[in-house]
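Numbering (our numbering), first residue to last: 11 to 144. Ideal placement from N, C-alpha and C gives every residue a C-beta, glycine not left out.
Right under this line is the structure:
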């Protein structure tokens, strides 16, 4: 039964995200992995195609230009796919806006999946709540 389930999930994943052309996929990967700049229109194209890295890159760009609600939307979609970086960035966005409960929720999800940066963020968040500042 496990083999059938795995095949169904793979097929479902292919239908959920339209394939990106190789050039755009490479640009998104470089932006995601190395922080290389990418035009917002291309990041949006990747995000709208259902690419989790594209959603994360687009969400980060939106957040940097102050489009908070839209950034949260796209980062949330990426986090829902299991993207650990999106979870951490989403937690950071909420933290920056004083939404400590939401920040903790996203950091916790990533930390529970082994993300070292999220574990550090949780410790810092606890320290901030306890008033120690570090």
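Reducing DSSP to helix, strand and coil, say where residue i ends up.
i, result
"residue 41", "helix"
"residue 70", "helix"
"residue 62", "helix"
"residue 101", "helix"
"residue 22", "Its pLDDT being 43, under 50, residue 22 is placed unreliably in this model, and the value from its coordinates should be taken loosely. Helix, per DSSP."
"residue 89", "helix"
"residue 11", "Confidence at residue 11 is low in this model, with a pLDDT of 40, below 50, so the placement of that residue should be treated as unreliable; the coordinate-derived value is given next. Coil at residue 11, not helix or strand."
"residue 30", "coil"
"residue 46", "coil"
"residue 111", "helix"
"residue 127", "helix"
Between the Cα of residue i and the Cα atoms of the options, which residue gives the shortest distance?
i, options, result
"residue 89", "77, 107, 74 and 70", "70"
"residue 46", "64, 58, 29 and 30", "64"
"residue 60", "29, 137 and 101", "29"
"residue 92", "121, 75 and 81", "121"
Assign residue i to buried or exposed, taking buried as 16 or more other Cβ atoms, counted over all protein chains shown, within 10 Å of its Cβ.
i, result
"residue 51", "exposed"
"residue 49", "exposed"
"residue 116", "buried"
"residue 6", "Shown here, the chain extends from 11 to 144; a query on residue 6 therefore has no answer."
Please say whether residue j and residue i have beta carbons closer to each other than 9 Å?
i, j, result
"residue 103", "residue 73", "yes"
"residue 67", "residue 56", "yes"
"residue 129", "residue 94", "no"
"residue 41", "residue 53", "yes"
What is the C-beta distance between residue i and residue j, in whole angstroms, given that I count them as a contact (C-beta under 8 Å)?
i, j, result
"residue 113", "residue 105", "4 Å"
"residue 132", "residue 119", "Rounded, the Cβ-Cβ distance is 11 Å, inconsistent with contact."
"residue 135", "residue 110", "7 Å"
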